[in-house]
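Before any comments, here is the structure.
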Amino acid sequence: RSIKADSSLSLWLVCRTICECDSVEVKGHTGQDITLPCKYDRKYHGALSACWQRGEIPARGCSNPLISTDGLRVETRAPSRYELLGRLEDGDVSLTIKSLTEGDAGRYGCRVEIPGWFNDEKHHIDLACNNCIIMTASTSAHRLTHPLLVVL
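Residue numbering for the sequence shown follows full-length UniProt numbering, beginning at 1 and increasing consecutively.
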């Protein structure tokens, strides 16, 4: 094998590791339930473990998982506001957040653990709050400007 072929393979593996995820934006309203989508092909892969977390998905596993499943049942769950209400037997591991608050806005990650190196499916969902308005307020005493979050 040539060095060039080895370099190309290494670059491909690095790109798969870094780029093997998608990103979706979901908008919700405070007080309502919202579902963040995440599904895999259960007929092809069988039952797989999956986990959800806030923020970027790390190289392995989930750091501080909100909820996780072994593919058959929910294993761990942080606050009770997070649920997997989809049909696990169909590969639906979508996350439902009950009674959305403005503090829930931000990035979420779903990892489906597929056996083998670099096979995991990673899905990033950016959750936005439709009825939250960002306004600017200034403090006259210190002349500081900072954002305020106002919920309608």
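Think of the CB as a built atom: it goes at the ideal place given N, C-alpha and C, for glycine as much as any other residue.
Residue i - containing beta strand (DSSP E), residue span
| i | result |
| --- | --- |
| Asp126 | Glu121 to Cys129 |
Where residue i falls, given that 16 or more other Cβ within 10 Å makes a residue buried
| i | result |
| --- | --- |
| Trp52 | buried |
| Ser23 | exposed |
| Pro65 | buried |
| Arg111 | buried |
| Tyr44 | exposed |
| Glu56 | exposed |
| residue 200 | Here the chain covers residues 1 to 152 and nothing more, so residue 200 does not appear. |
| Gly109 | buried |
| His123 | buried |
According to DSSP, residues forming a beta bridge with residue i
| i | result |
| --- | --- |
| Gly28 | Cys129 |
Beta-carbon proximity list for residue i, same chain, < 7 Å, skipping 5 on both sides
| i | result |
| --- | --- |
| Glu25 | Asp126 and Ala128 |
| Ser63 | Gln53 |
| Asp41 | Gly91 |
| Ile114 | His45, Leu48, Asp120 and Glu121 |
| Asp104 | Ile97 and Leu127 |
| Gly86 | Asp92, Val93 and Ser94 |
Cβ shell of residue i (< 8 Å), same chain only, five flanking positions each side left out
| i | result |
| --- | --- |
| residue 158 | Nothing can be reported for residue 158: it is not among the residues displayed for the chain, which extend from 1 to 152. |
| Thr69 | Ser49, Ala50, Cys51, Glu75, Leu84, Leu88 and Val93 |
| Gly116 | none |
| Ser80 | Lys98 |
Same chain, Cβ closer than 6 Å to residue i, five either side skipped, listed in chain order
| i | result |
| --- | --- |
| Ile34 | Gly28, Ile97 and Leu100 |
| Ala47 | Gly71 and Leu72 |
| Asn130 | Lys27 and His29 |
| Leu144 | The pLDDT assigned to Leu144 is 31, lower than 50, so where the model puts this residue is not dependable, and the model offers no usable value. |
| Lys39 | Gly91 and Asp92 |
Within-9 Å CB hit, residue i to chain C
| i | result |
| --- | --- |
| Ser63 | Looking for chain C here will not work: only one protein chain is present. |
Go through the UniProt domain "Ig-like" (31-113) residue by residue and report every complete run of the beta strand (DSSP E) that reaches 3 residues or more, in order.
-> 34-36, 49-54, 67-69, 74-77, 95-97 and 106-113
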